[in-house]
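S.K.:
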Amino acid sequence: MAEEKVQNIFENAAAPVDFRFPAQVGGVAEYVAAEVLVSYFARYLFKIERRTLMELAAIHAVSIPLIGGLAAGFDDSNIFAYESPWGDQLMDGAKGVPAVFVAQYICNTALAGLHAPKLQFNDILVTAASKIITRPIISLVYPYLSDQMRTNLDTLEELFNGPQRGASRLKSDS
Numbered sequence: 085m086a087e088e089k090v091q092n093i094f095e096n097a098a099a100p101v102d103f104r105f106p107a108q109v110g111g112v113a114e115y116v117a118a119e120v121l122v123s124y125f126a127r128y129l130f131k132i133e134r135r136t137l138m139e140l141a142a143i144h145a146v147s148i149p150l151i152g153g154l155a156a157g158f159d160d161s162n163i164f165a166y167e168s169p170w171g172d173q174l175m176d177g178a179k180g181v182p183a184v185f186v187a188q189y190i191c192n193t194a195l196a197g198l199h200a201p202k203l204q205f206n207d208i209l210v211t212a213a214s215k216i217i218t219r220p221i222i223s224l225v226y227p228y229l230s231d232q233m234r235t236n237l238d239t240l241e242e243l244f245n246g247p248q249r250g251a252s253r254l255k256s257d258s
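Numbering (our numbering), first residue to last: 85 to 258.
(1) Could you tell me the boundaries of the alpha helix (DSSP H) in which Tyr226 lies?
(2) To the nearest angstrom, how far is the alpha carbon of Pro220 from that of Ala212?
(3) Please report the distance separating the alpha-carbon of Arg134 from that of Thr239.
(4) Report all residues from its chain with a CB closer than 6 Å to the CB of Asp176; omit the five preceding and five following residues, and keep chain order.
(5) Does the stretch 139–154 touch the stretch 176–194, meaning 3 or more C-beta pairs lie closer than 8 Å?
(6) Enumerate in chain order the residues of its own chain whose CB-to-CB distance from Cys191 is below 8 Å, with the five nearest sequence positions on each side excluded.
(7) Could you check whether Val210 and Ala117 sit closer than 9 Å to each other, using their CB atoms as the reference points?
(8) Run the CB neighbour count on Ser230, radius 10 Å, all protein chains shown included, and call it buried at 16 or more, exposed below.
(9) Roughly how many angstroms lie between the CA atoms of Phe105 and Gly153, to the nearest whole one?
(10) Output the distance between the C-alpha atoms of Ser168 and Tyr228, rounded to the nearest integer angstrom.
(11) Alpha helix (DSSP H) containing Glu119: first to last residue?
(12) Give the range of the alpha helix (DSSP H) segment to which Ala155 is assigned.
(13) So Asn206 packs on Gly110, CB below 8 Å; how close in whole Å?
(14) Would you please state the rounded distance, in angstroms, between the beta carbons of Gly180 and Lys215? I believe it to be under 8 Å.
(15) Grab me the residues of Phe244's own chain with a C-beta within less than 8 Å of its C-beta, minus the 5 sequence neighbours each way, in chain order.
(16) Does the distance from the C-beta atom of Gln173 to that of Ser123 stay below 9 Å?
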């Protein structure tokens, strides 16, 4: 039983980039690209510590396997996904904030070794705000995307709300 639990960790981490499911991989690429662009421009606009596009891409890519599991303690996402009301879009975006902070710590640990994270209020605020507003921005362009791109994003949404959320210990039983 312990082997199965350890194997689940690796399967969940690899699921977003499982090339047997090209729509899922495409959804990850689209979602990460949107998050990186919003974060990069927010950092530029508010003159916060600049990060390279590759560093931001690594952080947001590492956050993808964590989003569904860390958001399981919150209410279920709206069933209309990217076509839901703005309030639900903002809430769904906010559910990803813990994942991006954990991913940021993981990436910084990979670069600098074990450390106590340096907390800068401006950096935390811009990271959280850019993560939250990315979801409504994607929903703005969603109707104008090609069918394949919408399918990719919907497939990724199913990954967040399905296996990741269902396997999380943070999910309430009610």
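Backbone N, C-alpha and C define an ideal beta-carbon position, used for all residues, glycine too.
Note that this is a predicted model, so its numbers are computed, not measured.
M.R.: The relevant details are as follows:
(1) Reading the sequence shown from its first residue, position 142 is the one you call residue 226. Counting along the chain, Tyr226 falls outside any alpha helix (DSSP H), and DSSP gives it neither H nor E.
(2) If you number the sequence shown from 1, residue 220 lands on position 136. If you number the sequence shown from 1, residue 212 lands on position 128. One C-alpha to the other measures close to 14 Å.
(3) Here residue 134 refers to the residue found at position 50 when the sequence shown is read from its first residue. Here residue 239 refers to the residue found at position 155 when the sequence shown is read from its first residue. Using only the alpha carbons, I get a separation of about 32 Å.
(4) As a first step, residue 176 must be located in the sequence shown, where it is residue number 92. If we look at Asp176 and ignore the five residues flanking it on each side, its Cβ neighbours are Ser161 and Arg219.
(5) Flag = yes, the stretch 176–194 and the stretch 139–154 touch.
(6) Translated into the one-based positions of the sequence shown, residue 191 becomes position 107. Hits under 8 Å: Glu139, Ala142, Ile143 and Val146.
(7) In the sequence shown, counting from the first residue as 1, residue 117 sits at position 33. In the sequence shown, counting from the first residue as 1, residue 210 sits at position 126. No.
(8) Walking along the sequence shown from the start, residue 230 turns up at place 146. Ser230 comes out exposed.
(9) In the sequence shown, counting from the first residue as 1, residue 105 sits at position 21. In the sequence shown, counting from the first residue as 1, residue 153 sits at position 69. So the alpha carbons of these two residues sit roughly 20 Å apart.
(10) In the sequence shown, residue 168 corresponds to position 84, counting from 1. In the sequence shown, residue 228 corresponds to position 144, counting from 1. Spanning the two alpha carbons is a distance of roughly 16 Å.
(11) Here residue 119 corresponds to residue number 35 of the sequence shown, with the count starting at 1. Per DSSP, Glu119 belongs to the alpha helix (DSSP H) from Pro106 to Leu129.
(12) Reading the sequence shown from its first residue, position 71 is the one you call residue 155. Ala155: not part of any alpha helix (DSSP H); DSSP gives it neither H nor E.
(13) What you label residue 206 is simply residue 122 of the sequence shown in a count that begins at 1. What you label residue 110 is simply residue 26 of the sequence shown in a count that begins at 1. For a cut-off of 8 Å, the C-beta gap from Asn206 to Gly110 is around 34 Å, too long to register as a contact.
(14) Your numbering for residue 180 matches position 96 in the sequence shown. Your numbering for residue 215 matches position 131 in the sequence shown. Indeed they touch by this definition, with Cβ atoms about 5 Å apart.
(15) Against the sequence shown, residue 244 aligns to sequence position 160. Ile151, Gly152, Ala155 and Ser161.
(16) Taking the sequence shown and counting its residues from 1, the one referred to as residue 173 is at position 89. Taking the sequence shown and counting its residues from 1, the one referred to as residue 123 is at position 39. By the CB criterion at 9 Å, Gln173 and Ser123 fall outside the cutoff.
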